[in-house]
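First comes the structure, then the notes that go with it.
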Amino acid sequence: MFSQFALHERLLKAVAEQNFTEPTPVQLAAIPPALEGRDLRVTAQTGSGKTAAFVLPMLNRLLGDGASQQRVRIRALILLPTRELAQQTLREVERFAQFTFIKSGLITGGEDFKVQGAMLRKVPDVLIGTPGRLIEHLNAATLNLKEVELLVLDEADRMLDMGFAEDIERLTAECVNRQQTLLFSATSGGNGLREVVGKVLRNPLHLKLNAVSDLSEGTRQQIITADDLTHKERLVQWLLANETFQKAIIFTNTRTQADRLYGRLVAAEVKAFVLHGDKDQKDRKIAIERFRTGGSRVLVATDVAARGLDVDGLDLVINFDMPRSGDEYVHRIGRTGRAGGDGLAISLICHTDWSLMSSVERYLKQRFERRVIKELKGTYQGPKNLKASGKAVGVKKKKTAEQKGATKKPSAKTAAKRKQPSKLISADGLAPFKRKLPAAE
Ligand code: AMP
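Quick note, this note's numbering runs 425 ahead of the 1-based positions in the sequence shown.
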């Protein structure tokens, strides 16, 4: 319930208007200390509800003393890396401010400078912008940030990756009278971010809500190389027979593979259930219930089918196939080792999984433990030659003559699918292929 926060009634009304019923975790964690005026450093991903987590306390502050009705100064500044994000944030600010007199403005590159100058002369209460163009306005003396009370740095890690470090420094220095600073980043960032945090925030509270950092430290993450699907199936059977676990979930990328693996397990007299999109609601319910109550200790599932599944005592996750994105990996693995318990996550990697696996390692900034099961050691041990990115050298598939000649455009769906890996890589705002792999732990 949003009414648990000490927010102005006009803001609560706007929240209700948007049909937000329950605050998200980042909102629960960040809104109360932000309302108290504390500086915050928040690690949270896009999609977590982080925008409302800073916009609501910000508007509350502006409503607090009634001064916002005499619009004479910019009182809040939100810095973000891209024009799209700035536009999106403006829309959110306007939605939450709809029952107030608070006015906001947008300054990004690619827009008419003079029109922006005219907007700035009217002095919005809240200014949202990208660093480069804001600096241009400072240089042209069309922008005055001296009265800014609240500064928000959103997606700070990405701004630094984009080379905005100096601009951020200059802009924050310009806000000489600021009383509160809220810094949001999708990742825990590197030295650059630590430096900004040290310079810009005063005694900040660090809230980590990032799905990646949500990965329990009690969960070991391993990979085992495999020659082919049959080899993977034998590895699964070995693991289920030899690992100590309460409950295990095995993820496959396809329904067909889920059914095939389930069949193999049943044939080997492993008590298991299978969960995927082709199962009807009744079967699904039974499978989940049996798994929950311990009637079966092993569940084979696809990602979609297992979404939202939260089962106590789940301490072994096996990725039969490598998930197609880092976020999906986090979702899968995040189910194990909860609440301080120990968990084990094992990904079975054959040559088609390797590059995806190394992308996930980079996304998580972790190196998975390499494990070999002596009895089932295969011939594939990973690519012979690795690029700095950790990917295999020379794995590009040769185009067939048919593909070479093909001019047909891919369908929207196929195109979106093809784009997925790059979404994975940029999900944390990094350009990981320019970075070196972290050293093995
Ligand atoms: P963000 O992480 O700020 O980009 O937010 C992601 C999306 O979640 C946006 O479309 C928000 O409007 C929406 N959202 C934020 N908070 C809530 C909430 N408490 N309940 C429902 N949706 C929300």
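A virtual CB, placed ideally from N, CA and C, is assigned to each residue, including glycine. Quick caveat, the model's predicted, so the values are computed rather than measured.
Between the stretch 687-695 and the stretch 770-784 there are fewer than three C-beta pairs closer than 8 Å, too few to call the two in contact.
The three-state reading of DSSP puts A726 in strand, counting E and B together.
Note on E442: under 16 other CB atoms within 10 angstroms of its CB, so exposed under the neighbour-count rule. The beta carbon of A522 is closer than 6 Å to those of L484 in its chain, skipping five residues each way along the sequence.
Shortest gap from the CB of A454 to any heavy atom of ligand 1: 7 Å or more. Leaving aside the five residues that flank T514 on each side, the residues in its chain whose CB is nearer than 8 Å to its CB run, in chain order, T476, V480, I503, L505, I553, D579. For K812, the closest of L575, A459, F793, R787 by C-alpha to C-alpha distance is R787. Residue environment for V601: exposed (fewer than 16 other C-beta atoms within 10 angstroms of its C-beta). Counting only residues of its own chain and dropping the five nearest sequence neighbours on each side, K696 has a CB closer than 6 Å to the CB of S721. If you draw a 10 Å sphere on the C-beta of H631, you find fewer than 16 other C-beta atoms in it, and that means exposed. For V497 and G542, the gap between their C-alpha atoms comes out near 15 Å.
Contact between the stretch 788-804 and the stretch 648-664 is present: 3 or more CB-CB pairs across the two stretches fall below 8 Å. In this structure, the beta-carbon distance from G534 to P549 does not fall below 8 Å.
When beta bridges are read from the DSSP output, E620 appears opposite no residue.
Taking the C-beta atoms as reference points, R757 is found no nearer than 8 Å to T727. Under a 10 Å Cβ-count criterion, S610 is classified as buried, with 16 or more other Cβ atoms of the shown protein chains found around its own Cβ. The Cβ atoms of V725 and I798 lie no closer than 8 Å to each other.
Counting only residues of its own chain and dropping the five nearest sequence neighbours on each side, F427 has a CB closer than 7 Å to the CB of L437, V440, F445, P448. Proximity of the beta carbon of K539 to ligand 1 is not indicated: no heavy atom of the ligand is located closer than 7 Å. Per DSSP, the unbroken alpha helix (DSSP H) holding S780 starts and ends at 779-789. Apart from the 5 residues on each side of it in sequence, L432 sits with its Cβ closer than 7 Å to the Cβ of L481, N485 in its chain, given in chain order.
Between the C-alpha atoms of A683 and D652 there is a straight-line separation of about 19 Å.
Counting only runs of at least 4 residues, the stretch 447-475 fully encloses the following alpha helix (DSSP H) elements, listed from N- to C-terminal order: 450-460. L634 is a Cβ neighbour of A469, given a cutoff of 8 Å.
Straight across, the Cα-Cα distance linking Q604 with N628 is about 12 Å. S772 is the residue among L781, S772, V467 whose C-alpha sits nearest the C-alpha of R796.
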